[in-house]
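The sequence shown begins at 926 in our numbering and counts up one residue at a time.
Backbone N, C-alpha and C define an ideal beta-carbon position, used for all residues, glycine too.
Note that the coordinates shown come from a computational prediction; the quantities given were computed from them, not determined experimentally.
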Amino acid sequence: PMKPGARPEGTRAVSEETSRAMLDLMRVNVVRGTGGKANAPGLRVGGKTGSANKIVGGRYSDNVLVSSFAAVFPADGPLEADRYFVLILMDEPKGTPETYGFATGGWTAAPPAGRVIDRIAPFLGVARRPDLVTAAPANAVVPIESEH
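In structure tokens form, the structure reads like this:
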């Protein structure tokens, strides 16, 4: 068994450059993309939404989904820094007036992911800092500011 605070040994599966690029892209998805409802101010959340049609009666349904949001935080900082992963998976979520009838991951799974992160970050010792990347107009180029 591992002792508290110990790091597991592992083998790097992708290059550091690829790791950084993926973290940056996940952060942009929360700042400007479909993951925006997962943002927890100051915690630099990155993530990826997911939505898939379920198989019902042997066929893909047009209106029954599995929706998800996979989050990592903080998405910035050195690659060797501690990061945490949160996955929210919803089986057959329903669209509501608040989601404009949508039941996809960005509308249903991202909001609770952001709330979970907001609640657990203090227990994990993740300090809030001013966000380096903030929302920008849709046609703006968003620079990725990471602490490499």
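Measure the C-alpha to C-alpha separation of residue i and residue j and round it to an integer number of angstroms.
i	j	result
K1019	N978	13 Å
F1048	G983	44 Å
R1054	R952	15 Å
R969	A931	24 Å
G971	L948	7 Å
I980	K928	43 Å
N1064	E934	Note that N1064 scores 48 on pLDDT, short of 50, meaning its location in the model is unreliable; the coordinates nonetheless yield the value given after this. Using only the alpha carbons, I get a separation of about 43 Å.
N954	M1015	20 Å
A965	S992	20 Å
R945	A996	15 Å
Take residue i and list the residues in its own chain whose beta-carbon comes closer than 6 Å to its own, dropping the five residues that flank it on each side.
i	result
E1017	V989
P1036	K962
Note the first and the last residue of the continuous alpha helix (DSSP H) segment covering residue i.
i	result
G1054	Going by the sequence as given, residue 1054 is Arg instead of Gly. First-last for R1054: undefined, no H or E at that position.
L1049	A1035 to L1049
Quick check on residue i: buried or exposed, where buried means 16 or more other Cβ atoms within 10 Å of its Cβ?
i	result
F998	buried
What residue from the options has the CA that sits closest to residue i's CA?
i	options	result
R1040	G960, P926, P933 and M947	G960
R1044	P1022, G1002, F994 and V1011	V1011
F994	A1006, P926, Y985 and I1042	I1042
A1046	G1030, Y1009, A1028 and M1015	Y1009
How far does the beta strand (DSSP E) with residue i in it reach, from first residue to last?
i	result
A977	G971 to V981
A996	R984 to F998
D1016	Y1009 to D1016
Please list, in chain order, all residues of the same chain as residue i whose beta carbon is under 8 Å from its beta carbon, the five residues on each side excluded.
i	result
T1024	W1032 and T1033
G1026	G1020
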